[in-house]
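Student: Chains A and B are the protein sequences, given in the same order. In our numbering, each number is its position in the first sequence, counted from 1, plus 57. In our numbering, each number is its position in the second sequence, counted from 1, plus 57. Think of the CB as a built atom: it goes at the ideal place given N, C-alpha and C, for glycine as much as any other residue. Quick one: structure below, then a few questions.
Number of protein chains: 2
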Amino acid sequence: MEATGPEAITDGRRRKGERRRRLLLDAVMRVVERDGVASVSQRRVAAEAGVAPSAVTYYYAAVDDLLVDALTRVNDTYVAALATLPDGADAALRALAGMIAAGSGPDRAHVMAECELFLLAARRPALRPQVERWNRAVDAFLTPYLPDPDDRAGVCAAVDGLFVRACVEPELTAAEVYRTLSRLVSRASRNGRG
Amino acid sequence: MEATGPEAITDGRRRKGERRRRLLLDAVMRVVERDGVASVSQRRVAAEAGVAPSAVTYYYAAVDDLLVDALTRVNDTYVAALATLPDGADAALRALAGMIAAGSGPDRAHVMAECELFLLAARRPALRPQVERWNRAVDAFLTPYLPDPDDRAGVCAAVDGLFVRACVEPELTAAEVYRTLSRLVSRASRNGRG
DNA sequence: TAGAATCTGGTGCGAACGCTCAGGTTTATG
DNA sequence: CATAAACCTGAGCGTTCGCACCAGATTCTA
C-alpha cells in the first residue's frame, strides 16, 4: 500500500505483474481525471489500459481495491511533494500555493482526484490511514513556521479547504492562494512570538 | 432552484407535484446519506420514496437534475442556518463549530452529503452558483468579526476544510472545532487591530 | 360536464456493470 | 526437461442501470 521501497524484484514474472499493475493504476487515474471516481469500473479501466476486462479482476478482486490502491498512490506523490518543498517560510508557502492552485490548471483533474480520495475515505475505512498520513505531512510541513499545534490545526484545515476550492473554482490563482496562506501563517506565527 | 419563496401555489395539481418533488428529494438525501452520491439512481430513489421509477423520470429528465436539485436544497438549509446563528463572536463560533462537528455525530451522513455535493460542483457547472452562494454566506457570517477580506478568505477555507475533516474523522468533537475556529478568528482579528 | 393539463405506474429495450471460471501462455526453478 | 508458479484472457451469468413509451387515473379550468 505504502510507497514500495526499492526492494528490486528479481523474478521476471512478478516484475511483469508489477508493471501491469502500474499500467492499470495509470489508467484509473486517467478515468478519474476525465469522468470522476464514480465512473471507475473494471471495464472502463480495462479499455483505458488496453487490456482485457478480466485482467483488472485478476489483479484486484474488487473495483474498490483498485480505487484504494490508486488513491493511495496519489497520496504518496502529494506527501512526497510536501516533504521536498523549498526551505524558508515564504518560498515554501509559495510552492504549496502552487500545488494547491494546480487544481485550477492543467493538473486540475489530478488535484480533484486527491479531493475525491479524501471524501471517499469517509466511507471506506481502508483509506483513512492515507488521510491521516496526509494530515501528518501537512502538520509537519507547518511545524517550523507554527510551533503551536493549535495554530497548525487551523492552517491545516485551511489547506484542505483551499484544495477543494481550487477544484470547484478553476479561476483561483496560485497568487491568491499564496496570499491567503501567508496571511494565515504570518499572523499566527507573529502572534505566537508576541 | 433557489429556495422557493412563499408564493402560494393555488393549483392543486402543481401543489401535489411540489409535494411529490419534495418526497423524491428527501429520498435522494436518504440514499446519499446511506450509500453516497455514487449510488443515486432513479430506480433506487424511486424504491426509497416508494414510488414507481417512471415517476422520477417524470419530474427530473435525468438523474443529474435530481442531484442538482438535491444539493441546492441542502445548500439552502446550510445557508439559512448560517444566517440565523447567534450574535456575538464566541456564541456564533460555538454554534458554527456545532454545525461542522455534526459530521461526527448523528447528522454525519447529512454533512457528508453536503461535502460530496460540493465536490460534485467541480464537475457540474450547474452547481457552481450554489457553492458561490455558500461561500458568500460564510464570508458574510465572518465579516462582523473579521473586517479584512483577506483574513476572511483564510478562515473561510478553514471552515470548508473542517467540514471535510469532520466527515472523515468521526471522532472530531465540536469543542475541538470550536477551539480551532476561535483561535483562527481571534488571532486574525487581534492582528487586524494591531 | 367537457376538455385540457397534470400525474402515475407498468413494461421493456439496450447497455453497462461486477464477477466467475476454465483454460492457455509465459517464466522461474530443481 | 518437468513442474509449478505467476500471468493472462474470452466467454458468459445474473444484475442493475437509464431512459423511453404509453394507457389510464386524477385534477383543474371553463
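How far does the alpha helix (DSSP H) with residue 17 (chain A) in it extend, from its first residue to its last?
Tutor: Missing from the structure shown is residue 17 (chain A); chain A here goes from 58 to 251 and no further.
Student: For chain B, is any of its Cβ atoms less than 8 Å away from the one on residue 173 (chain A)?
Tutor: Along the first sequence, read from residue 1 onward, the residue named residue 173 (chain A) stands at position 116. Taking Cβ atoms only, chain B reaches closer than 8 Å to residue 173 (chain A), which makes this a yes.
Student: Can you tell me the Cα-Cα spacing of residue 252 (chain A) and residue 84 (chain A), whole angstroms?
Tutor: As shown, chain A starts at 58 and ends at 251. That puts residue 252 (chain A) outside it, with no answer to give.
Student: For residue 122 (chain A) and residue 95 (chain B), what's the separation of their Cα atoms in angstroms?
Tutor: The count along the first sequence starts at 1 and reaches residue 122 (chain A) at position 65. The count along the second sequence starts at 1 and reaches residue 95 (chain B) at position 38. Computed Cα separation, rounded: 16 Å.
Student: Whole-angstrom Cβ separation of residue 238 (chain A) and residue 153 (chain A), contact assumed at under 8 Å?
Tutor: For the purposes of this step, residue 238 (chain A) is taken as the residue at position 181 of the first sequence. For the purposes of this step, residue 153 (chain A) is taken as the residue at position 96 of the first sequence. Contact holds; Cβ gap of about 7 Å.
Student: Can you find the residues in the same chain that come closer than 7 Å, C-beta to C-beta, to residue 106 (chain B), ignoring five residues on each side of it along the sequence?
Tutor: Taking the second sequence and counting its residues from 1, the one referred to as residue 106 (chain B) is at position 49. Taken in chain order, the residues that qualify are 80, 81 and 84.
Student: Would you call the segment 220-234 of chain A in contact with the segment 217-225 of chain B, where contact means no fewer than 3 C-beta pairs closer than 8 Å?
Tutor: The segment 220-234 of chain A, when compared against the segment 217-225 of chain B, does touch it at the 8 Å Cβ threshold.
Student: Threshold first: 4 residues or longer. Then list the alpha helix (DSSP H) segments lying entirely within the segment 93-166 of chain A, N to C.
Tutor: Those alpha helix (DSSP H) runs which fall completely within the segment 93-166 of chain A and span 4+ residues are 99-106, 110-116, 120-140 and 146-158.
Student: Spatial neighbours of residue 170 (chain A) within its chain, please: CB distance less than 6 Å, with the 5 preceding and 5 following residues excluded, ordered by chain position.
Tutor: Within the first sequence, the letter at position 113 stands for residue 170 (chain A). Excluding residues within five positions, the ones whose Cβ falls inside 6 Å are 89 and 131.
Student: When burial is assigned at 16 or more other CB atoms within 10 Å of the CB, is residue 129 (chain B) buried or exposed?
Tutor: Here residue 129 (chain B) is taken as the residue at index 72 of the second sequence, counted from 1. With 16 or more other Cβ atoms within 10 Å, it is buried.
Student: If you draw a straight line from the C-alpha of residue 225 (chain B) to the C-alpha of residue 179 (chain A), how long is it?
Tutor: Walking along the second sequence from the start, residue 225 (chain B) turns up at place 168. Walking along the first sequence from the start, residue 179 (chain A) turns up at place 122. Each residue's alpha carbon lies about 4 Å from the other.
Student: How would you label residue 62 (chain A), buried or exposed, when you count the other beta carbons within 10 angstroms and need 16 or more for buried?
Tutor: Residue mapping note: residue 62 (chain A) aligns to position 5 of the first sequence, counting from 1. Low local confidence applies: a pLDDT of 43 at residue 62 (chain A) is under 50, so the model's placement there is unreliable, with the coordinate-based value given in what follows. The residue in question, residue 62 (chain A), is exposed, as its Cβ has fewer than 16 Cβ neighbours within 10 Å.
Student: Return yes when the Cβ of residue 241 (chain A) is within less than 8 Å of the Cβ of residue 212 (chain A), no when it is not.
Tutor: To locate residue 212 (chain A), count along the first sequence from 1; it is residue 155. To locate residue 241 (chain A), count along the first sequence from 1; it is residue 184. A contact, by the Cβ cut-off of 8 Å.
Student: Looking at chain B, is there any beta carbon in it that lies within less than 8 Å of the beta carbon of residue 58 (chain A)?
Tutor: The residue given as residue 58 (chain A) occupies position 1 in the first sequence. Because residue 58 (chain A) sits at a pLDDT of 42, beneath the cut-off of 50, its placement in the model cannot be relied upon, and the following sentence gives the value as read from the coordinates. Not one chain B Cβ lies under 8 Å of residue 58 (chain A).
Student: Let me see if you follow: with CB-CB separation under 8 Å, is residue 250 (chain A) close to chain B or not?
Tutor: Here residue 250 (chain A) refers to the residue found at position 193 when the first sequence is read from its first residue. For residue 250 (chain A), the predicted structure reports a pLDDT of 40, less than 50, and the residue's modelled location is therefore unreliable. The matter cannot be settled from this model.
Student: On the DSSP letters alone, give me the boundaries of the alpha helix (DSSP H) that residue 199 (chain A) sits inside.
Tutor: Walking along the first sequence from the start, residue 199 (chain A) turns up at place 142. From DSSP, the alpha helix (DSSP H) with residue 199 (chain A) extends over 185-199.
Student: Find the residues of chain B that neighbour residue 178 (chain A), judging by a C-beta separation of less than 7 Å, and give them in chain order.
Tutor: In the first sequence, residue 178 (chain A) corresponds to position 121, counting from 1. By Cβ distance, chain B contributes 225.
Student: For residue 235 (chain A), which residues from the same chain have a beta carbon less than 7 Å from its beta carbon, with the 5 sequence-adjacent residues on both sides left out?
Tutor: The residue labelled residue 235 (chain A) in the question sits at position 178 within the first sequence. So the list reads 150, 151 and 154, once near-sequence residues are dropped.
Student: Quick one: using the 10 Å Cβ neighbour count with 16 as the cut-off for buried, is residue 127 (chain B) buried or exposed?
Tutor: Counting from 1 along the second sequence, the entry for residue 127 (chain B) is found at position 70. So residue 127 (chain B) counts as buried.
Student: Any chance the CB of residue 132 (chain A) is under 7 Å from a heavy atom of the ligand SAH?
Tutor: The ligand SAH is not part of this structure, which contains no ligands at all.
Student: Please report how far the alpha carbon of residue 229 (chain B) lies from the alpha carbon of residue 157 (chain B), in whole angstroms.
Tutor: If you number the second sequence from 1, residue 229 (chain B) lands on position 172. If you number the second sequence from 1, residue 157 (chain B) lands on position 100. Straight-line Cα distance between these residues: approximately 10 Å.
Student: Select from the segment 190-210 of chain B all residues with a C-beta closer than 9 Å to any C-beta belonging to chain A, and list them in chain order.
Tutor: Going along the segment 190-210 of chain B in chain order, one finds 192, 205, 207, 208 and 210 with a Cβ nearer than 9 Å to chain A.
Student: Could you list which residues in chain A have their beta carbon closer than 7 Å to that of residue 241 (chain B), in chain order?
Tutor: Position 184 of the second sequence, counting from 1, holds the residue named residue 241 (chain B). Residues of chain A passing the Cβ test: 211.
Student: Report yes or no: is there a C-beta of chain A within less than 8 Å of the C-beta of residue 217 (chain B)?
Tutor: Start at 1 with the first residue of the second sequence, and residue 217 (chain B) comes out as number 160. Judged by the 8 Å Cβ criterion, residue 217 (chain B) is in contact with chain A.
Student: For a test of the three-state rule: what should DSSP assign to residue 227 (chain A), helix, strand or coil?
Tutor: To locate residue 227 (chain A), count along the first sequence from 1; it is residue 170. Of the three classes helix, strand and coil, the one that applies to residue 227 (chain A) here is coil, per DSSP.
Student: With H, G and I counted as helix, E and B as strand and the rest as coil, what does DSSP make of residue 181 (chain A)?
Tutor: If you number the first sequence from 1, residue 181 (chain A) lands on position 124. Here residue 181 (chain A) sits in coil by DSSP.
Student: In whole angstroms, what is the alpha-carbon distance linking residue 140 (chain A) and residue 201 (chain A)?
Tutor: Residue numbering aside, residue 140 (chain A) sits at position 83 when the first sequence is read from its first letter. Residue numbering aside, residue 201 (chain A) sits at position 144 when the first sequence is read from its first letter. Taking the straight line from one Cα to the other gives about 13 Å.
Student: For a contact defined as C-beta to C-beta under 7 Å, what are the partners of residue 188 (chain B) on chain A?
Tutor: Locating residue 188 (chain B) in the second sequence gives position 131, counting from the first residue. What residue 188 (chain B) touches in chain A: 225.
Student: Let me see if you follow: with CB-CB separation under 8 Å, is residue 156 (chain A) close to chain B or not?
Tutor: Counted from its first residue, the first sequence places residue 156 (chain A) at position 99. For residue 156 (chain A), the answer is no, since every Cβ of chain B falls outside 8 Å of its Cβ.
Student: Taking only beta-carbon atoms, is residue 86 (chain B) less than 8 Å away from chain A?
Tutor: Along the second sequence, one-based indexing puts residue 86 (chain B) at 29. Cβ-Cβ to chain A under 8 Å: no for residue 86 (chain B).
Student: Compute the beta-carbon to beta-carbon distance between residue 120 (chain B) and residue 98 (chain B), rounded to the nearest angstrom, for a pair I have assumed lies under 8 Å.
Tutor: Reading the second sequence from its first residue, position 63 is the one you call residue 120 (chain B). Reading the second sequence from its first residue, position 41 is the one you call residue 98 (chain B). Yes, they are in contact, since the Cβ atoms of residue 120 (chain B) and residue 98 (chain B) sit about 6 Å apart, within 8 Å.
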